[in-house]
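K.L.:
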Amino acid sequence: MSAWCVVVAAGRGARAGLGRNKVFYRHRGRSILNRCLDNLAAMELFDGIVLVIAREDAQAYDELCAREGACPLVRALAYGGASRRESVLSGLRAVPADAEIVAVQDAARPFTPREVALATLESARAHGSGVISTPVVDTIKLIGPDGKVRTPDRDSLRAVQTPQAFDFKKLLAAHERAERENLPVTDDAMLFEHYYGDVRLVTCKGAEQNVKLTTKADFDMLDRKELPDFRVGHGYDAHRLATGRKLVLCGVEVAHDRGLDGHSDADVAVHALMDALLGALGLGDIGRLFPDSDPAYEGISSMRLLEEVMLRVRGTGFAVVNADVTIVAQRPKLLPYMAAMRKNLAEALGVAEDRVNVKATTTERMGFEGEELGVSAQAVALLARQAGEEA
Ligand code: MG
Numbered sequence: 021m022s023a024w025c026v027v028v029a030a031g032r033g034a035r036a037g038l039g040r041n042k043v044f045y046r047h048r049g050r051s052i053l054n055r056c057l058d059n060l061a062a063m064e065l066f067d068g069i070v071l072v073i074a075r076e077d078a079q080a081y082d083e084l085c086a087r088e089g090a091c092p093l094v095r096a097l098a099y100g101g102a103s104r105r106e107s108v109l110s111g112l113r114a115v116p117a118d119a120e121i122v123a124v125q126d127a128a129r130p131f132t133p134r135e136v137a138l139a140t141l142e143s144a145r146a147h148g149s150g151v152i153s154t155p156v157v158d159t160i161k162l163i164g165p166d167g168k169v170r171t172p173d174r175d176s177l178r179a180v181q182t183p184q185a186f187d188f189k190k191l192l193a194a195h196e197r198a199e200r201e202n203l204p205v206t207d208d209a210m211l212f213e214h215y216y217g218d219v220r221l222v223t224c225k226g227a228e229q230n231v232k233l234t235t236k237a238d239f240d241m242l243d244r245k246e247l248p249d250f251r252v253g254h255g256y257d258a259h260r261l262a263t264g265r266k267l268v269l270c271g272v273e274v275a276h277d278r279g280l281d282g283h284s285d286a287d288v289a290v291h292a293l294m295d296a297l298l299g300a301l302g303l304g305d306i307g308r309l310f311p312d313s314d315p316a317y318e319g320i321s322s323m324r325l326l327e328e329v330m331l332r333v334r335g336t337g338f339a340v341v342n343a344d345v346t347i348v349a350q351r352p353k354l355l356p357y358m359a360a361m362r363k364n365l366a367e368a369l370g371v372a373e374d375r376v377n378v379k380a381t382t383t384e385r386m387g388f389e390g391e392e393l394g395v396s397a398q399a400v401a402l403l404a405r406q407a408g409e410e411a
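Going by the numbering used here, the first residue of the sequence shown is number 21, and it counts up by one from there.
(1) Counting Cβ pairs closer than 8 Å, one from the region 318-329 and one from the region 380-395, do we hit at least three?
(2) Nearest to residue 456 by alpha carbon, out of 104, 183, 286, 347?
(3) Use the C-beta contact count for residue 160: other C-beta atoms within 10 angstroms, 16 or more gives buried, fewer gives exposed.
(4) When the Cα atoms are used, what is the spatial distance from residue 398 to residue 49?
(5) For the region 215-227 against the region 50-69, are there 3 or more C-beta pairs whose distance is under 8 Å?
(6) The ligand MG and residue 254: does any heavy atom of the ligand fall closer than 7 Å to the residue's C-beta?
(7) My understanding is that residue 233 touches residue 128, with C-beta atoms under 8 Å, so please give their C-beta distance in whole angstroms.
(8) Please state whether DSSP places residue 265 in a helix, a strand or coil.
(9) Tell me, please, which residues DSSP counts as bridged to residue 155.
(10) I'd like the span of the alpha helix (DSSP H) that includes residue 292, first residue to last.
(11) Cβ of residue 314 versus every heavy atom of the ligand MG: is any distance shorter than 7 Å?
(12) Near the ligand MG, which residues have their beta-carbon less than 5 Å from any of its heavy atoms, given in chain order?
(13) In whole angstroms, what is the alpha-carbon distance linking residue 406 and residue 137?
(14) Near residue 276, which residues of its chain fall below 6 Å by C-beta distance, leaving aside the five closest residues on each side in sequence?
(15) The beta strand (DSSP E) with residue 346 in it runs from where to where?
(16) Any idea which residues DSSP pairs residue 68 with across the strands?
(17) Please list the terminal residues of the continuous beta strand (DSSP E) segment that includes residue 126.
(18) In whole angstroms, what separates the C-alpha of residue 366 from that of residue 235?
(19) Kindly indicate the opening and closing residues of the alpha helix (DSSP H) around residue 234.
(20) Express the C-alpha separation of residue 259 and residue 389 in angstroms, rounding to a whole number.
(21) Given a cut-off of 8 Å on the beta-carbon distance, is the pair residue 71 and residue 122 in contact?
(22) Which value, in whole angstroms, describes the spacing of the CA atoms of residue 271 and residue 299?
(23) Near residue 344, which residues of its chain fall below 6 Å by C-beta distance, leaving aside the five closest residues on each side in sequence?
(24) Could you check if residue 170 belongs to the surroundings of the ligand SAH, using beta carbon to heavy atom distance under 7 Å?
(25) Spatial neighbours of residue 133 within its chain, please: C-beta separation below 7 Å, excluding the five flanking residues on both sides.
(26) Alpha carbon to alpha carbon, how far is residue 249 from residue 125? Give it in angstroms, no decimals.
(27) Do residue 265 and residue 280 have their beta-carbon atoms positioned less than 8 Å apart in this structure?
(28) Using C-beta distances below 6 Å, list every residue in its chain close to residue 361, excluding the 5 sequence neighbours before and after it, in chain order.
(29) Whole angstroms is fine: what's the gap from residue 288's alpha carbon to residue 395's?
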């Protein structure tokens, strides 16, 4: 029995607040529309897809196909009408006349499980219709024309989704008639009920994953759920060498004839690391957080400031995955201090020592570090959202 699918993508997506038809929104480099089409094609349940788009989206669809490739199962394109009903009819008219079953699917449902689609098709084959439905979780209220609120029995209510599958000839005939009678309907099941007196609802495990992306929050949630939430940040700092100052790097006092000049202890390595952490979280930089015009920070250990930065990191729900710090100095040799530096930073960042690296390089006497005018440092840090934390 041949089965076709009409995918309706002609909506305006106004509720998603994305400023365009939401199905053209790209998620992880692929549009919602193509994800929906790919998902349907991978089911190997359909002989072909008719895609219904708004006429004004024709160019956007061409561009999408050029960029992402066109789904080979899309056999025909139809232009949508002013209402969903008109759009579905336009799609049905493009389905080959010998099709036996047709499923109508929202393009905003890119994650429909195969077993959900299969259940609707099997029901349509056996009974003429199959509409995926789920029990209602919320208590629903009916508001009468008089404004009076009534509460229907929740057990008697079902929420319906797409795909909705039907005997093709019956659905097409019903749509043609609805067009003539200008019947207002919100889905195909409603139209089928209206003309044939009944429609088959099917329940299926996996229906709860069959989400329809509707509001901006749905898309934001998708990003949060699907993307591993890693953030990387980079920091750079440089301080001038001066006599009469201690040289402190990664919280370790290094024996040298000069030290770094600055408002705090001028620990250039920790400054770069703090900027990497703040950068990863989009929190600006240490200059903004600890202004050097503030006497509170005069001579302060930068390790103390790092503790404050870490409080902010944890406050956003993130934890450090690893950090890598490079100190650029012509002299002195820093190797004897490396182990202590690494231990200091690991403790402050709350990670095992193998997640922190501190290294040093000279510049072969080139530039301000090579001429021993100053010392610079660079750092990168990777952060990950802690499990269970929500922004
Ligand atoms: Mg600094």
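Quick reminder that beta carbons are idealized off the backbone N, C-alpha and C, glycines included.
P.N.:
To lay it out plainly:
(1) Contact between the region 318-329 and the region 380-395 is absent, with fewer than three C-beta pairs closer than 8 Å.
(2) The chain is shown from 21 up to 411; residue 456 falls before or after that span and cannot be answered.
(3) The residue given as residue 160 occupies position 140 in the sequence shown. Answer is exposed; the Cβ neighbour count stays below 16.
(4) For the purposes of this step, residue 398 is identified with residue 378 of the sequence shown, where counting begins at 1. For the purposes of this step, residue 49 is identified with residue 29 of the sequence shown, where counting begins at 1. Taking the straight line joining both Cα atoms gives about 31 Å.
(5) These segments do not touch.
(6) Working through the sequence shown from its first residue, we reach residue 254 at position 234. Answer for residue 254: no, Cβ out of range of the ligand MG.
(7) In the sequence shown, residue 233 corresponds to position 213, counting from 1. In the sequence shown, residue 128 corresponds to position 108, counting from 1. Taking the Cβ atoms as the reference, residue 233 lies roughly 5 Å from residue 128, within the contact range of under 8 Å.
(8) Start at 1 with the first residue of the sequence shown, and residue 265 comes out as number 245. Here residue 265 sits in coil by DSSP.
(9) Within the sequence shown, the letter at position 135 stands for residue 155. Note: residue 155 sits in a beta bridge opposite 178.
(10) Walking along the sequence shown from the start, residue 292 turns up at place 272. That run of the alpha helix (DSSP H) goes 288-300.
(11) Working through the sequence shown from its first residue, we reach residue 314 at position 294. Flag unset: Cβ of residue 314 not near the ligand MG.
(12) The answer, residue by residue, is 257, 291.
(13) Indexing the sequence shown from 1 puts residue 406 at position 386. Indexing the sequence shown from 1 puts residue 137 at position 117. Approximately 35 Å, taken between the alpha carbons.
(14) For the purposes of this step, residue 276 is taken as residue 256 along the sequence shown, with counting starting at 1. So the qualifying residues of the chain are 267, 352.
(15) For the purposes of this step, residue 346 is taken as residue 326 along the sequence shown, with counting starting at 1. Run containing residue 346: 338-348, per the beta strand (DSSP E) assignment.
(16) Reading the sequence shown from its first residue, position 48 is the one you call residue 68. Answer by DSSP bridge pairing, in chain order: 24.
(17) The residue given as residue 126 occupies position 106 in the sequence shown. 121-126 is the span of the beta strand (DSSP E), which, as asked, contains residue 126.
(18) As a first step, residue 366 must be located in the sequence shown, where it is residue number 346. As a first step, residue 235 must be located in the sequence shown, where it is residue number 215. A straight-line Cα-Cα distance of about 42 Å links residue 366 and residue 235.
(19) Here residue 234 is taken as the residue at index 214 of the sequence shown, counted from 1. From DSSP, residue 234 is part of no alpha helix (DSSP H); its letter is neither H nor E.
(20) The count along the sequence shown starts at 1 and reaches residue 389 at position 369. The count along the sequence shown starts at 1 and reaches residue 259 at position 239. Distance between the alpha carbons of residue 389 and residue 259 is about 10 Å.
(21) Within the sequence shown, the letter at position 51 stands for residue 71. Within the sequence shown, the letter at position 102 stands for residue 122. Cβ distance not < 8 Å, so residue 71 and residue 122 don't count as in contact.
(22) Numbered from 1 along the sequence shown, position 251 holds the residue referred to as residue 271. Numbered from 1 along the sequence shown, position 279 holds the residue referred to as residue 299. Between residue 271 and residue 299, the alpha-carbon positions lie close to 21 Å from each other.
(23) Your numbering for residue 344 matches position 324 in the sequence shown. 377, 400, listed in sequence order.
(24) Ligands displayed in this structure: the ligand MG; the ligand SAH is not among them.
(25) As a working mapping, residue 133 is identified with position 113 in the sequence shown. So the qualifying residues of the chain are 226, 229, 230.
(26) Taking the first residue of the sequence shown as position 1, residue 125 is located at position 105. Taking the first residue of the sequence shown as position 1, residue 249 is located at position 229. Approximately 31 Å, taken between the alpha carbons.
(27) Looking up residue 280 in the sequence shown gives position 260. Looking up residue 265 in the sequence shown gives position 245. With contacts defined by Cβ atoms closer than 8 Å, residue 280 and residue 265 form a contacting pair.
(28) Position 341 of the sequence shown, counted from the first residue, corresponds to residue 361. Setting aside the 5 residues that flank it on each side, residue 361 is surrounded in the same chain by 270, 272, 378, each with a C-beta closer than 6 Å to its C-beta; the list follows chain order.
(29) By 1-based counting over the sequence shown, the position of residue 288 is 268. By 1-based counting over the sequence shown, the position of residue 395 is 375. Between residue 288 and residue 395, the C-alpha separation is close to 7 Å.
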